[in-house]
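Under our numbering, think of the first position of the sequence shown as 14, with each following residue one higher. For glycine and all other residues, C-beta sits at the position ideal for the given N, C-alpha and C. The next block holds one structure in the form of structure tokens; read it before the comments.
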Amino acid sequence: TDILFEGVDLEKYFPIESKNLPKTELVKSLDTIDESFCFLYVGHWLRGAIGEDRKNTGLLLKTFLETFKNKKKAPALIMKTMMGPASIMDREEILKKIDAIRRGIGGKLPNIYLIHGDIEDSDVNHLYNHPKVKAMINLTKGEGFGRPLLEFSLVNKPIVTTNWSGHIDFLNPEYTTLLPGQMTKVHNSTANNMLLKDSDWFSVDVGQ
């Protein structure tokens, strides 16, 4: 029997008081964000139509923009994401996908800030702890584990995510908003040898 360990390193992920955050390049960049309230998404933007990629990145972005468009004081969304290995081409493709969703909505839209590529664990922890990052949001359709959600839970900030799959084994519902939804079939745009189209996974109720 093989055991696959999954967890989080408590020496790398932990709460830091705002006054004690080191002024790294990432922290200084986050300091320049106009908004004082930012949601954070961390995860890959995988293949599939909007609402059908496993991490549900496209639908998360679309829902955020529709929810806060034309608001006088809208929050921002920080997205730490990429499609594959870090490269200029990957970053440009991500920017195109963001722009396409924005153009499909219209109106005065809230700001999106992209963090692309690989960064050090310490920088990820600084991102989690930055005072402008108020909550993590993730509309995942299915997780074997969901490590960024566990990492973020260690900095004692709220999490909004789906009420199904691996992460509900360790997230405390007292500090987590678990969104309802229903089981649906894996979409053709996503199906492959690992994600069989006859399988079911979770589709969140975005109205919630």
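C-alpha of residue 196 to C-alpha of residue 153: approximately 12 Å in a straight line. When beta bridges are read from the DSSP output, residue 131 appears opposite no residue. Excluding sequence positions up to five before and after residue 178, its CB lies within less than 6 Å of the CB of 155, 156, all in the same chain and listed in chain order. Here the alpha carbons of residue 56 and residue 190 stand approximately 18 Å from one another. Across the structure, residue 169 and residue 212 are spaced so that their CA atoms are roughly 35 Å apart. In this model, residue 98 and residue 59 are separated by some 12 Å (Cα to Cα).
Less than 8 Å divides the Cβ of residue 54 from the Cβ of residue 151.
CA-to-CA, the gap between residue 19 and residue 160 works out to about 8 Å. DSSP places residue 102 inside the alpha helix (DSSP H), whose first and last residues are 101 to 116.
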